[in-house]
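A.B. asks:
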Amino acid sequence: MCGIIGAFDLVESGSKVRSRVLEMARRIRHRGPDWSGIFSTDTAVLAHERLAIVDPQSGSQPLYSNDGQVVLVVNGEIYNHQELRNSLPGYEFKTASDSEVILALYLQHGVSFVEELNGIFSFALYDSRDGSYFIARDHMGIIPLYYGRDELGQLFVASELKSLEGFCVDIAQFPPGCQLYSQSRSQVPERWYSRDWESFDAVSDSIADYSVLRDALEGAVQRQLMSDVPYGVLLSGGLDSSVIAAIAQKYASSPLHSFAVGLKGAPDLLAAQRAADHIGTIHHEVHFTIQEGLDAIRDVIYHLETYDVTTVRASTPMYLLARSIKSLGIKMVLSGEGSDELFGGYLYFHKAPNAREFHEETVRKLKKLYLYDCLRANKSLAAWGVEGRVPFLDKEFMDVAMRLHPAEKMIQEQRMEKWMLRKAFEDYLPASIAWRQKEQFSDGVGYSWIDTLKAQAEALVEDSDFEMAGARYPINTPKNKEEYYYRTIFESHFPSVTAASTVPSVKSVACSTPEALLWDASFQGVNDPSGRAVAHVHKESYVEVDSQSGLKRVG
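Given below as structure tokens:
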């Protein structure tokens, strides 16, 4: 994981912009503590803060074409870079870095190559031959990217919001799956990523092949183990992280370290230990106290760059865990984000009335991931210079998972959520893990964590201040005191209105899904995003495993 800065459409001198870009880069040095690099002319400035994962010796950036005319900075990993290298026999590569393949593809194909990349990335490229620039972000927005313009109309792009705050008068998140080419007729980001499975009609006649699903996920994990430095897995003890850990253990080239975090006695810690014992990882259990979590909130919001309640709650334990991971010399970890969106794993999917609405909701959730779980996983880890990879969101695997017949994914009388995934990998895990019910991460680290956060906000936010929330925060007005509290912290770090606008609007429902309210009236009026808030679903338990039906519900 790295940090990038780009400055284009310059009207000031390059030296003046360079000093500004250096300050922008300094603000995100936590993302890339291993090396810094910069390219600067009177027409463009590019800066890079490097976390060395692949080719630590020669992969420093910016990267240059052989004639020095094209310059590139990249944040991310290109998992199919070796395959792409093999398709470019005429190009003379200078490094073993996976990022250099982007430069080679551009030189041979122009800007039409992005779909060929399988990876997680944001990049900025400058071509001095015609003064053009090219910016792109990966298919799901797994890697963060922001862009904005200053008062002079100069364009800046950066890996994090904090780099642009105070310099730009207009800031926005660069949309996932989009690219911006300065020579294009359109001067706004255009989509490069689209899939037929976004429409239910494209998958309504598909089949559910469990062996294909299994092979595809194993392939994704194998690709994402690409690393020249020590790596590990995040293991909460839930289905998703346990499946990823089990596959990683199967293909790891060295002893695999797993990491779990929680309050002492937390549900996740107990389950994670059972999973680790079964899989055979070198397991690390990290405890935090309520007070340590509360003390970290201000720093967490600074690194997250959001005031979304669910994200802050879940990110704080992950932020604390990341520091422990880094202390052990681990620079990359695999994580389980994306599974709930692909397979309808959130508890409210129990109420989906039919396959069409089920599928359309999974598509909608996937398109919003960059605002929530992808943001959490990336920035919580990057705060300590650790890279997070998410095999469930591998581009090739997503095409397999989202083309499975939606009816097979639905929760039925004898099938719990994510039944297909559980069945495909049940032989990898103990039954207590393979059939463990969905637990939100912020709940699983210990139920008292959320309860204390709400109590603290009630104590710290005066009634009179909360009553004036609409006047103080007309954009995304907080709906409860916990939201208000996080918003005040965010404002102290990022005071501009444009910064506040980069955060998604607050949703007053457990599933953060207005459309799904129509599925069941009991979802309405819920103002707590904890999974426990949906009590009529959460209280159901699944205890009796059956080899034919998967699981019998006992409620």
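Here full-length UniProt numbering is used: the first residue of the sequence shown is 1, the next is one more, and so on.
Ideal Cβ positions, reconstructed from N, Cα and C, are used throughout, including at glycine.
Bear in mind the structure is a predicted one, so any value in this text is a computation, not a measurement.
Counting pairs of beta carbons, one from the stretch 347-363 and one from the stretch 175-193, are three or more of them closer than 8 Å?
C.D. replies: no
A.B. asks: Output the boundary residues of the alpha helix (DSSP H) element that contains D373.
C.D. replies: Looking up residue 373 in the sequence shown gives position 373. Unbroken alpha helix (DSSP H) run through D373: 373-382.
A.B. asks: Nearest chain C C-beta to D399 closer than 8 Å, yes or no?
C.D. replies: In the structure shown, chain C cannot be found, because there is only a single protein chain.
A.B. asks: Can you have a look at S13 and say buried or exposed, based on whether 16 or more other CB atoms are within 10 angstroms of its CB?
C.D. replies: For the purposes of this step, residue 13 is identified with residue 13 of the sequence shown, where counting begins at 1. Burial call: exposed.
A.B. asks: According to the Cβ coordinates, are D332 and Y231 closer than 8 Å?
C.D. replies: For the purposes of this step, residue 332 is taken as residue 332 along the sequence shown, with counting starting at 1. For the purposes of this step, residue 231 is taken as residue 231 along the sequence shown, with counting starting at 1. Checking the sequence, you will find Met at residue 332 rather than Asp. Yes, the Cβ-Cβ distance between M332 and Y231 is below 8 Å.
A.B. asks: Check each candidate in N354, D268, I330, K367 and name the one with the smallest Cα separation from residue 565.
C.D. replies: Missing from the structure shown is residue 565; the chain here goes from 1 to 555 and no further.
A.B. asks: Assign Y181 to one of three DSSP states: helix, strand, or coil.
C.D. replies: Walking along the sequence shown from the start, residue 181 turns up at place 181. Y181: strand per DSSP, three-state reduction.
A.B. asks: For S199, tell me which candidate among M402, A434, G470 has the shortest Cα-Cα distance.
C.D. replies: Your numbering for residue 199 matches position 199 in the sequence shown. Taking only the C-alpha atoms, the option nearest S199 is M402.
A.B. asks: Taking buried to mean at least 16 other C-beta atoms within 10 Å of its own C-beta, is I28 buried or exposed?
C.D. replies: Here the question's residue 28 lines up with position 28 in the sequence shown. By the neighbour-count rule (16 or more Cβ atoms within 10 Å), I28 is buried.
A.B. asks: Name the DSSP bridge partner or partners of E160?
C.D. replies: By 1-based counting over the sequence shown, the position of residue 160 is 160. DSSP, once it has assigned bridges, lists no residue as partnering E160.
A.B. asks: Are the CB atoms of I120 and D138 nearer to each other than 8 Å?
C.D. replies: Locating residue 120 in the sequence shown gives position 120, where the first residue counts as 1. Locating residue 138 in the sequence shown gives position 138, where the first residue counts as 1. Yes, Cβ-Cβ distance for I120 and D138 is below 8 Å.
A.B. asks: Checking the sheet assignment: what are the DSSP bridge partners for N75?
C.D. replies: The sequence position of residue 75 within the sequence shown is 75, counting from 1. For N75, which the question treats as bridged, DSSP gives the partners S122.
A.B. asks: Going straight from the alpha carbon of H283 to that of A276, what length do you get?
C.D. replies: The residue you call residue 283 lines up with position 283 of the sequence shown. The residue you call residue 276 lines up with position 276 of the sequence shown. Each residue's alpha carbon lies about 6 Å from the other.
A.B. asks: Provide the residue span of the beta strand (DSSP E) that contains W419, from first to last.
C.D. replies: Locating residue 419 in the sequence shown gives position 419, where the first residue counts as 1. For W419, there is no enclosing beta strand (DSSP E); the enclosing alpha helix (DSSP H) covers residues 419-425.
A.B. asks: Using CA atoms only, rank isn't needed, just tell me which of R214, N480, L235 is closest to D463.
C.D. replies: Your numbering for residue 463 matches position 463 in the sequence shown. When each option's Cα is compared against that of D463, the closest is N480.
A.B. asks: V312 to Y319, Cα distance in whole Å?
C.D. replies: The residue given as residue 312 occupies position 312 in the sequence shown. The residue given as residue 319 occupies position 319 in the sequence shown. Answer to the nearest angstrom: the Cα atoms are 10 Å apart.
A.B. asks: What residues in its chain sit with their C-beta under 6 Å from that of residue 573, if we drop five residues either side in the sequence?
C.D. replies: Any question about residue 573 goes unanswered here, given that the chain covers just 1 to 555.
A.B. asks: Mapping the DSSP letters down to three states, classify W197 as helix, strand or coil.
C.D. replies: As a first step, residue 197 must be located in the sequence shown, where it is residue number 197. The answer is helix: DSSP assigns W197 an H, G or I state.
A.B. asks: By alpha-carbon positions, which one of L225, G32, V70, L263 ends up nearest to residue 560?
C.D. replies: Since the first and last residues shown for the chain are 1 and 555, residue 560 lies out of range.
A.B. asks: Is it right to say K395 is buried, meaning 16 or more other beta carbons lie within 10 angstroms of its own, or is it exposed?
C.D. replies: Here residue 395 is taken as the residue at index 395 of the sequence shown, counted from 1. Buried is the call here.
A.B. asks: Do L393 and T306 have their CB atoms nearer than 8 Å?
C.D. replies: Position 393 of the sequence shown, counted from the start, is the residue given in the question as residue 393. Position 306 of the sequence shown, counted from the start, is the residue given in the question as residue 306. Taking 8 Å as the Cβ cut-off, L393 and T306 do not qualify as a contacting pair.
A.B. asks: For K16, count neighbouring Cβ atoms within 10 angstroms of its own Cβ and tell me buried if that reaches 16, exposed if not.
C.D. replies: Numbered from its first residue, the sequence shown carries residue 16 at position 16. With fewer than 16 Cβ atoms within 10 Å of its Cβ, K16 is classed as exposed.
A.B. asks: Looking only at DSSP bridge pairs, what is M332 linked to?
C.D. replies: Position 332 of the sequence shown, counting from 1, holds the residue named residue 332. DSSP lists Y231, E387 as partners of M332.
A.B. asks: Just list the residues that DSSP pairs L155 with in beta bridges.
C.D. replies: Here residue 155 is taken as the residue at index 155 of the sequence shown, counted from 1. The partner list for L155 (beta bridge, DSSP) reads F8, R149.
A.B. asks: Assuming G59 and A96 form a contact by the criterion Cβ under 8 Å, report the distance between their Cβ atoms to the nearest whole angstrom.
C.D. replies: On the sequence shown, position 59 is the one that residue 59 refers to. On the sequence shown, position 96 is the one that residue 96 refers to. Contact flag correct, Cβ pair sits at about 7 Å.
A.B. asks: Which partner residues does G37 have in the DSSP bridge list?
C.D. replies: Within the sequence shown, numbered from 1, the residue matching residue 37 stands at position 37. Its beta-bridge partners are H48.
A.B. asks: Measure the alpha-carbon distance for Y133 versus A44 and round it to whole angstroms.
C.D. replies: Taking the sequence shown and counting its residues from 1, the one referred to as residue 133 is at position 133. Taking the sequence shown and counting its residues from 1, the one referred to as residue 44 is at position 44. Y133 and A44: Cα-Cα distance of roughly 9 Å.
A.B. asks: Going by beta-carbon coordinates alone, are L180 and I171 separated by less than 8 Å?
C.D. replies: Translated into the one-based positions of the sequence shown, residue 180 becomes position 180. Translated into the one-based positions of the sequence shown, residue 171 becomes position 171. For L180 and I171, no; Cβs fall outside 8 Å.
A.B. asks: When you compare only the Cα positions, how much space is there between S496 and I489?
C.D. replies: Walking along the sequence shown from the start, residue 496 turns up at place 496. Walking along the sequence shown from the start, residue 489 turns up at place 489. Approximately 13 Å between the Cα atoms of the pair.
A.B. asks: Between I4 and A271, is the Cβ-Cβ spacing less than 8 Å?
C.D. replies: Walking along the sequence shown from the start, residue 4 turns up at place 4. Walking along the sequence shown from the start, residue 271 turns up at place 271. Judged by beta-carbon spacing, A271 lies beyond the 8 Å limit of I4, meaning their Cβ atoms are not closer than that value.
A.B. asks: Please report the residue range of the beta strand (DSSP E) in which E305 lies.
C.D. replies: Against the sequence shown, residue 305 aligns to sequence position 305. Here E305 belongs to no beta strand (DSSP E), and DSSP marks it neither H nor E.
A.B. asks: Using 10 angstroms around the beta-carbon of T289, count the other beta-carbons present and answer buried if the total reaches 16, otherwise exposed.
C.D. replies: Working through the sequence shown from its first residue, we reach residue 289 at position 289. By the neighbour-count rule (16 or more Cβ atoms within 10 Å), T289 is not buried but exposed.
A.B. asks: Where G345 and R18 are concerned, what is the direct C-alpha to C-alpha distance, given to the nearest angstrom?
C.D. replies: The count along the sequence shown starts at 1 and reaches residue 345 at position 345. The count along the sequence shown starts at 1 and reaches residue 18 at position 18. C-alpha separation (whole angstroms): 47 Å.
A.B. asks: Grab me the residues of F466's own chain with a C-beta within less than 7 Å of its C-beta, minus the 5 sequence neighbours each way, in chain order.
C.D. replies: On the sequence shown, position 466 is the one that residue 466 refers to. The answer, listed in chain order, is K481, Y484.
A.B. asks: By Cβ distance below 7 Å, which residues in the same chain neighbour V461 in space, the five residues on each side in sequence not counted?
C.D. replies: Within the sequence shown, numbered from 1, the residue matching residue 461 stands at position 461. Correct list, in chain order: K481, Y484, Y485.
A.B. asks: How many Å lie between L107 and P33 at the Cα?
C.D. replies: Locating residue 107 in the sequence shown gives position 107, counting from the first residue. Locating residue 33 in the sequence shown gives position 33, counting from the first residue. Rounded to the nearest angstrom, the two C-alpha atoms are 30 Å apart.
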